[in-house]
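Remarks on the structure that follows.
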Amino acid sequence: MEMINIKIDNKNVQVPKGTSILDAAKSIGIKIPTLCYMNLHDLNTEHKPTGCRICVVEVAGRKNLVPACATECTSGMEIKNQTMRVLNARKTVMELILSDHPAECLICPKNGTCDLQSMAQEMGIRHYHYKGEQSTYIKDRSIAIKRDMDKCIGCKRCLTMCNDVQTVGALSSINRGFMSVVAPAFQMDLSESVCTYCGQCVAVCPTAALTEIDHTSNVIRMLADPTKTVVVQTAPAVRAALGEEFGYEAGTLVTGKMVAALKDLGFDYVFDTDFAADLTIMEEGTELLDRLSRHLKGDETVKLPILTSCCPAWVSFFEHHFPDMKDIPSTARSPQQMFGSIAKTYYAEKIGIKREDMIVVSIMPCLAKKYERDRDEFKTDGNPDVDYVLSTRELAKLIKQASINFEELPNMDFDKPMGESSGAGVIFGTTGGVIEAAVRTAYEIFTGQSLHKVDFEQLRGMDWVREAIVDFNGTPIKIGIAHGLGNARKLLNEIREGKSQYDAIEIMACPGGCIGGGGQPLHHGDTNILKARQKALYSEDKNKTIRKSHENPYIINLYKEFLGKPMSRKAHELLHTQYFDKSNPVDIVKD
Amino acid sequence: MMTICESNVAKIKAICEEFNNDKGELINVLHKTQHTFGYLPEEVQEVVAQNLNTSLAHVYGVVSFYSFFTMTPKGEHPINICMGTACYVRGAEKVLDEFKKLLNIKVGETTKDEKFSLSSLRCVGACGLAPVVLVGDKVYGRVTLDGVQEILDEYK
Numbered sequence: 001m002e003m004i005n006i007k008i009d010n011k012n013v014q015v016p017k018g019t020s021i022l023d024a025a026k027s028i029g030i031k032i033p034t035l036c037y038m039n040l041h042d043l044n045t046e047h048k049p050t051g052c053r054i055c056v057v058e059v060a061g062r063k064n065l066v067p068a069c070a071t072e073c074t075s076g077m078e079i080k081n082q083t084m085r086v087l088n089a090r091k092t093v094m095e096l097i098l099s100d101h102p103a104e105c106l107i108c109p110k111n112g113t114c115d116l117q118s119m120a121q122e123m124g125i126r127h128y129h130y131k132g133e134q135s136t137y138i139k140d141r142s143i144a145i146k147r148d149m150d151k152c153i154g155c156k157r158c159l160t161m162c163n164d165v166q167t168v169g170a171l172s173s174i175n176r177g178f179m180s181v182v183a184p185a186f187q188m189d190l191s192e193s194v195c196t197y198c199g200q201c202v203a204v205c206p207t208a209a210l211t212e213i214d215h216t217s218n219v220i221r222m223l224a225d226p227t228k229t230v231v232v233q234t235a236p237a238v239r240a241a242l243g244e245e246f247g248y249e250a251g252t253l254v255t256g257k258m259v260a261a262l263k264d265l266g267f268d269y270v271f272d273t274d275f276a277a278d279l280t281i282m283e284e285g286t287e288l289l290d291r292l293s294r295h296l297k298g299d300e301t302v303k304l305p306i307l308t309s310c311c312p313a314w315v316s317f318f319e320h321h322f323p324d325m326k327d328i329p330s331t332a333r334s335p336q337q338m339f340g341s342i343a344k345t346y347y348a349e350k351i352g353i354k355r356e357d358m359i360v361v362s363i364m365p366c367l368a369k370k371y372e373r374d375r376d377e378f379k380t381d382g383n384p385d386v387d388y389v390l391s392t393r394e395l396a397k398l399i400k401q402a403s404i405n406f407e408e409l410p411n412m413d414f415d416k417p418m419g420e421s422s423g424a425g426v427i428f429g430t431t432g433g434v435i436e437a438a439v440r441t442a443y444e445i446f447t448g449q450s451l452h453k454v455d456f457e458q459l460r461g462m463d464w465v466r467e468a469i470v471d472f473n474g475t476p477i478k479i480g481i482a483h484g485l486g487n488a489r490k491l492l493n494e495i496r497e498g499k500s501q502y503d504a505i506e507i508m509a510c511p512g513g514c515i516g517g518g519g520q521p522l523h524h525g526d527t528n529i530l531k532a533r534q535k536a537l538y539s540e541d542k543n544k545t546i547r548k549s550h551e552n553p554y555i556i557n558l559y560k561e562f563l564g565k566p567m568s569r570k571a572h573e574l575l576h577t578q579y580f581d582k583s584n585p586v587d588i589v590k591d
Numbered sequence: 001m002m003t004i005c006e007s008n009v010a011k012i013k014a015i016c017e018e019f020n021n022d023k024g025e026l027i028n029v030l031h032k033t034q035h036t037f038g039y040l041p042e043e044v045q046e047v048v049a050q051n052l053n054t055s056l057a058h059v060y061g062v063v064s065f066y067s068f069f070t071m072t073p074k075g076e077h078p079i080n081i082c083m084g085t086a087c088y089v090r091g092a093e094k095v096l097d098e099f100k101k102l103l104n105i106k107v108g109e110t111t112k113d114e115k116f117s118l119s120s121l122r123c124v125g126a127c128g129l130a131p132v133v134l135v136g137d138k139v140y141g142r143v144t145l146d147g148v149q150e151i152l153d154e155y156k
């Protein structure tokens, strides 16, 4: 690699040719402020639209200031990051951005976590110098995501996530000049668009232009209602990230404190979605084995690969973009929905209350779960299996609002029976985890032998698309894993073209899986945070006594007492679902 | 739900194929499509998006960016008033206002009888004739306020 010598603020630096000024500065500890720029290391996603001009620097011999994020270093370049000209230009740029931004920080949902706010603070902005017209748009409240484009600063990070990473294509930059705004086609609401509610746009939005629909007040109301029994479930990825909202280092597991906080908040039963993840493995694993053994026997009606179906954004994605393949994914419901369904039948009956008196709340790393709970298939006479979904961020807000001192909380255990889970259920929260959990159970059922080593390292990691062959005692099972919907699209195209070699594929919509979900504490572009969360989940798995879903005694008991066996009639009714063709909003009629 | 008839779908398909269904040719495809239909309604954009294998949001993004593209049907006689610098300083805005007043429509709209539609554009390259008005392909130069009614009368 060719190395070149440059100078930044009179310091000599040697960098590989092609390095941006921003990265070169970073390599010697010089921070150049950025706003629209985003670099998701490890995920090969760099966003540098050079739209905001906050990162401008002075280069000797050039008349104009240049954006550091998108300017490559050239040999002998002399860069100045701290001249009056640079500082004044940045301040002016910032003040111009603020001139078209509502000054309502105190009551804004992003207060304290807004990149624009912290940049204004860092730059010491104390006046609004430019008073001009402010753009106003209709606010769009979908089932999961709220769009308030008055607060958009035009960084277009959401477009990179929606169009390049996820290839969903719900959003675009529309109109021109002052009226230019990010919106779905024809400025329709998100709910009418092809949006999957994956929430990755929300996860990277620097301001409150894109936020989740907040359900905390609904939950507070339910907790205060003495006629309601309020049951809560927490998804695996939440425990690995919630701590960040309370100042813990990324990757700190706060499972016990989270349970204690939920009990302090007044939830009647604190259960675990991991329990339902174990249940998912029983159903999905059985379905996989069923399809596989029929396939091995030469049954040509069997469709392989089987695709996981735990992720609602992924389900929505194939319903919109690949409806011709909607019979390939497993029919198993997601853990959230299995939990809701079992809670409002089996458990409500067990504790002797009526369905309508039970409120099921989910704590999810995900915004698509807010949409999933609202799907008609998951309602009985209009009463949903899951009543409210709070994101990890909303739970943190709820805990803070209740003045609970999180750090001082003791470690508490989930309630039984629906709070007990295996290590397999825990790793559902990371890319590769669902398929590893499925393999642990499917292997033992298929071969009739016990697994000596339950850790399948070959399925783990952070690469966008991974594949591995697992030896089922002489039968090689070819497994594919993809996270990020753009990568899912690649695997689906292979299947459509008949080129896919896989027996089973795991797909999660978000980068890193649920640990990188749209409802998680904001990572502000630092993908090391995702890796730390992933590590945390594998360590919780390792520390569990039971690490295979089919060995969870409470799952065994649930089948004995209530469901019969996996894929039974009752299991089908309560734990499986169907998918719909949501493509093509154009009706073609005869002339 | 949006509806479109089979023959129109076939027309769009043919245009897209002419450009090898290349999404990089979106602007050219939209030009030709608008030339065929007179405007680009929602359902037409959706079919274009499907054929070029791109998102509807992206197609709409392009349609809404360029003032040449329109989503409302043009009148039988589309009127364009040049608002380029030369025409502007020689009173194009007043001419435009007169058209608005007489037709009782705003810029971008079409009269109820679908006879006239009103648009403005930037410089047709006939600055010596400023202010310039186009009706269809016909050019009218040095248009005065009194001349506006005369122009309209030609098409009544």
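Line by line, the protein sequences are chains A and B. Our numbering applies: residue 1 is where the first sequence begins, and numbers increase by one. Our numbering applies: residue 1 is where the second sequence begins, and numbers increase by one. Glycine included, every Cβ here is placed at the ideal spot set by N, Cα and C. Every value quoted in this text rests on a predicted model; they were computed, and no experiment measured them.
- prompt: Does the beta carbon of GLY84/B come closer than 8 Å to any beta carbon on chain A?
  reply: no
- prompt: If you measure from the beta carbon of PHE186/A to each beta carbon in chain B, is any gap under 8 Å?
  reply: yes
query: How about ILE32/A: is its C-beta nearer than 8 Å to some C-beta of chain B?
result: no
message: Taking 8 Å as the threshold (beta carbon to beta carbon), is CYS123/B in contact with chain A?
response: no
- prompt: Are the C-beta of GLU109/B and some C-beta of chain A separated by less than 8 Å?
  reply: no
- prompt: Tell me which same chain residues have a C-beta within less than 8 Å of the C-beta of GLU212/A, skipping the five on either side of it?
  reply: ALA144, ILE145, LYS146, GLY199, VAL202, LEU367, LYS370, SER391, ARG393, GLU394, GLY518, GLY519
query: With burial defined as no fewer than 16 other Cβ atoms inside 10 Å of the residue's Cβ, what is the status of LEU87/A: buried or exposed?
result: exposed
task: Please report how far the alpha carbon of THR3/B lies from the alpha carbon of PHE65/B, in whole angstroms.
output: 25 Å
Extent of the continuous beta strand (DSSP E) run through ALA482/A: 475-483
message: Check for me: the beta strand (DSSP E) holding GLU46/A runs from which residue to which?
response: 45-47
message: For chain A, check one thing: does any of its Cβ atoms lie closer than 8 Å to the Cβ of VAL48/B?
response: no
- prompt: Considering only residues of the same chain and omitting the five flanking positions on each side of ALA70/A, which have a CB-CB separation below 6 Å?
  reply: LYS48, THR50
query: Should ARG142/B be labelled buried (16 or more other beta-carbon atoms within 10 Å of its own) or exposed?
result: exposed
- prompt: Residues of chain A with CB under 9 Å from VAL148/B, in chain order?
  reply: Residues of chain A passing the Cβ test: none, with the nearest at roughly 29 Å.
query: Roughly how far, in whole angstroms, is the beta-carbon of LEU491/A from the beta-carbon of VAL465/A, given that I think they are within contact range, below 8 Å?
result: 7 Å
message: Using a Cβ-Cβ cutoff of 9 Å, what residues of the segment 52-67 of chain B are near chain A? List them in chain order.
response: THR54, SER55, LEU56, ALA57, HIS58, VAL59, TYR60, GLY61, VAL62, VAL63, SER64, PHE65, TYR66, SER67
message: Just to confirm, is the Cβ distance from THR280/A to CYS310/A under 8 Å?
response: yes
task: List the endpoints of the continuous beta strand (DSSP E) containing LYS138/B.
output: 138-140
field: Nearest candidate by alpha-carbon position, reference GLU319/A, set ASP387/A, LEU485/A, LEU35/A
entry: LEU485/A
message: Bridge partners for MET3/A per DSSP, in chain order?
response: PRO16/A
field: Residues near SER191/A in its chain [Cβ-Cβ closer than 7 Å; skip 5 each side]
entry: SER142, ILE143
task: Just the C-alpha distance for ARG90/B and GLU154/B, rounded to the nearest angstrom, thanks.
output: 24 Å
- request: Take ASP158/A as the anchor and find which of ASN528/A, MET38/A, PRO553/A, PRO33/A has the nearest alpha-carbon.
  value: What sits at residue 158/A in the sequence shown is Cys, not Asp. The shortest C-alpha separation from CYS158/A is found at MET38/A.
message: Going by DSSP in three states, MET358/A sits in which element: helix, strand or coil?
response: strand
task: Mind checking which residues open and close the beta strand (DSSP E) that includes VAL9/B?
output: That residue, VAL9/B, is in no beta strand (DSSP E); its alpha helix (DSSP H) goes 6-18.
field: First and last residue of the uninterrupted alpha helix (DSSP H) at ILE107/A
entry: It is not in any alpha helix (DSSP H) - ILE107/A carries neither H nor E in the DSSP assignment.
task: Determine the contact status of MET282/A and SER539/A, defining contact as a CB-CB distance below 8 Å.
output: no
- request: May I have the straight-line CA-CA distance separating LYS590/A from SER117/B, to the nearest angstrom?
  value: 30 Å
field: Residue environment, GLN534/A, which counts as buried when at least 16 other CB atoms sit within 10 Å
entry: buried
query: Which residues in the same chain have their Cβ closer than 7 Å to the Cβ of VAL194/A, if we skip the five residues on either side of it in sequence?
result: VAL168, GLY169, ALA170, HIS320
field: Coarse secondary structure for TYR37/A, derived from DSSP in three states
entry: coil
field: Span of the beta strand (DSSP E) around ALA233/A
entry: Per the sequence shown, the amino acid found at residue 233/A is Gln instead of Ala. 229-234 is the extent of the beta strand (DSSP E) around GLN233/A.
- prompt: Among ARG291/A, GLY425/A, GLU420/A, which one has its Cα closest to the Cα of MET567/A?
  reply: ARG291/A
task: In angstroms with no decimal places, state the Cα-to-Cα distance between CYS127/B and THR85/B.
output: 9 Å
Interface flag, GLU93/B vs chain A, CB-CB below 8 Å: no
message: Cβ closer than 8 Å: which chain A residues qualify as neighbours of ILE4/B?
response: VAL586, ASP587, ILE588, VAL589
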